[in-house]
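Count along the sequence shown from 1, add 3, and you get the number used in my numbering. See below for the structure under consideration.
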Amino acid sequence: MAGNRASEDKLQEGIRLFNLKRWDPALQEFLRIDAGQCSAEEVTEIAYYLGLCYMKLERHEDALIYLEQVVTNSEEPLRVYQCRLTLAYIYVTTKRAKMAEFELQRLSQSGFESVQIYTTLGYAAWSQKNFKGAVEFYEQALEMDEKNATAMNGLGYILVDSNIDLARGLRFCRRAVDHAPQNASYMDSLGWAYYKNGDTQEARIWLRRAFELAPHNPVIRAHMRLVVGEAS
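And the structure:
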């Protein structure tokens with residue numbers, strides 16, 4: 004009984020630290036728990052928090068191990084949904100778009116639908132150069148939430164960058180910036196859209212604004228070098 008109580012105390016302390024966004028101390032607390040003293044349900048809960056801590060600390064390979072355990076063992080649909088979405092995010096971040104797409108398709112087939120699923124699917128499709136598929140996913144996201152700036156920006160950028168519909172892409176990029184005027188990535192997309200539409204003067208204005216906010220962003224730097232001739 005003492006062992007169970009000690010494990011429960013560590014679990015609650017880890018959760019407390021996690022809620023305070025103290026990822027590393029929370030991680031250490033969860034790692035101190037003797038899983039042999041825990042129920043199967045508690046082991047799954049520990050795996051859930053370990054996976055999220057590792058994800059927050061950008062230790063993606065470690066996060067995958069524990070999040071997969073939750074997806075396999077948890078009986079809580081919403082927690083499985085969150086973990087699949089997190090797995091997809093990690094796969095996209097680590098350039099494993101096909102695996103991200105697999106996780107998201109599993110969610111969709113299970114009856115879960117959200118703007119975040121479709122925007123992540125759009126990004127995954129774009130990263131595999133499936134531009135038509137990416138456009139369709141972003142359009143589905145906007146059908147669910149016509150004011151979603153992430154979907155507007157993603158759709159607009161793909162339409163102009165892949166030369167599918169330059170004028171329509173520019174309109175979506177403008178709308179994204181209107182909804183989130185301090186977002187450097189959206190400013191960059193808008194600048195790139197102006198450039199692709201032949202308006203270099205307006206493109207330089209927006210790219211400079213984006214660069215001022217995010218001077219180390221590699222995409223923004225590349226656009227600055229090409230359009231403005233500087234990235235320093």
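Note that the Cβ used here is the ideal one computed from N, Cα and C, for glycine as well.
Counting only the same chain and skipping the five closest in sequence on each side, list residues whose C-beta sits under 6 angstroms from that of residue i.
{"i": "C56", "result": "W26, A29, L30"}
{"i": "F175", "result": "M155, L158, G159"}
{"i": "A206", "result": "G194, Y197, Y198, V230"}
{"i": "L53", "result": "F33, Y69"}
{"i": "E78", "result": "none"}
{"i": "K236", "result": "Not covered by the structure: residue 236. The range shown for the chain is 4 to 235."}
As a quick exercise: from the options, pick the residue whose alpha carbon is nearest that of residue i.
{"i": "A137", "options": "V180, M155, E45", "result": "M155"}
{"i": "S111", "options": "Y84, E149, K132, R8", "result": "Y84"}
{"i": "D148", "options": "K132, D168, I167, H182", "result": "H182"}
{"i": "F21", "options": "E215, L216, K150, L60", "result": "L60"}
Cutting at 7 angstroms between CB atoms, please list the residues of its own chain near residue i, excluding the five before and the five after it.
{"i": "R177", "result": "L193"}
{"i": "D191", "result": "L210, A213, V222, I223, H226"}
{"i": "N220", "result": "A187"}
Can you find the residues in the same chain that come closer than 8 angstroms, C-beta to C-beta, to residue i, ignoring five residues on each side of it along the sequence?
{"i": "A43", "result": "N76"}
{"i": "D168", "result": "L162"}
Could you check how far apart the C-beta atoms of residue i and residue j are, in whole angstroms? I think they sit under 8 angstroms.
{"i": "D126", "j": "V95", "result": "At residue 126 the sequence reads Tyr, which differs from the Asp that was named. Right, the Cβ-Cβ distance comes to about 6 angstroms (below 8 angstroms), so this counts as a contact."}
{"i": "R87", "j": "R62", "result": "That belief does not hold up - the Cβ atoms of R87 and R62 are roughly 19 angstroms apart, past 8 angstroms."}
{"i": "L81", "j": "L107", "result": "16 angstroms between Cβ atoms; not a contact."}
{"i": "V163", "j": "G172", "result": "4 angstroms"}
{"i": "Y51", "j": "V73", "result": "5 angstroms"}
{"i": "F140", "j": "A128", "result": "6 angstroms"}
{"i": "M58", "j": "T89", "result": "6 angstroms"}
Would you decide whether residue i is buried or exposed? Buried here means 16 or more other CB atoms lie within 10 Å of its CB.
{"i": "E48", "result": "buried"}
{"i": "L23", "result": "exposed"}
{"i": "Q119", "result": "buried"}
{"i": "S113", "result": "exposed"}
{"i": "T153", "result": "buried"}
{"i": "A103", "result": "buried"}
{"i": "A170", "result": "exposed"}
{"i": "N151", "result": "buried"}
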